[in-house]
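This report refers to the structure that appears directly beneath it.
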Amino acid sequence: MFVSGDSGIPPYAVFRQALDAGDLGRVRTLARLMPSVGIEDALRICLLLRDHDGYERAAVKWLGRFALEARSASVEDVVAAAAALNALPHRPDAAMERLWSICARAGVAS
Numbered sequence: 005m006f007v008s009g010d011s012g013i014p015p016y017a018v019f020r021q022a023l024d025a026g027d028l029g030r031v032r033t034l035a036r037l038m039p040s041v042g043i044e045d046a047l048r049i050c051l052l053l054r055d056h057d058g059y060e061r062a063a064v065k066w067l068g069r070f071a072l073e074a075r076s077a078s079v080e081d082v083v084a085a086a087a088a089l090n091a092l093p094h095r096p097d098a099a100m101e102r103l104w105s106i107c108a109r110a111g112v113a114s
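The numbering of the sequence shown is our numbering, which starts it at 5 and goes up by one.
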């Protein structure tokens with residue numbers, strides 16, 4: 005299935021372009037059309053949502069997913085991820101750096 009019309013661009017590539025451009029409206033639309041969104045991309049969506057009403061819900065959903073998918077994550081990792089998500093709206097660069105580090109250590113990010 006291609007979501008980009010006749011251009012032949014795979015839907016994930018179109019989604020990533022929107023994500024890289026910070027186009028939240030398009031990201032939301034394209035994410036609904038995809039069979040799934042990876043945990044790394046979901047975290048980037050949280051970053052885009054940080055100043056919007058849907059942030060809290062997205063952050064909690066991401067945290068739950070992290071706890072389930074990161075088989076090597078400890079309770080300490082989950083607590084640290086929660087703290088970083090809490091800081092994300094206020095200190096996005098530092099919070100994302102911390103979250104990527106936690107994800108890499110837990111084996112859910114490249």
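Backbone N, C-alpha and C fix where the C-beta goes; we use that ideal spot for every residue, glycine too.
### Task
Starting from residue 105, follow the alpha helix (DSSP H) in both directions and report where the run begins and ends.
96-110
### Task
Please report how far the alpha carbon of residue 105 lies from the alpha carbon of residue 68, in whole angstroms.
17 Å
### Task
Note down, in chain order, each residue of its chain lying with its Cβ closer than 6 Å to the Cβ of residue 63, except the 5 sequence neighbours on either side.
50 and 89
### residue 81, DSSP secondary structure in three states
helix
#### Entry: Length at least 3, wholly inside the segment 12-50: the beta strand (DSSP E) runs in chain order
none
#### Entry: For residue 68, the first and last residue of its enclosing alpha helix (DSSP H)
59-73
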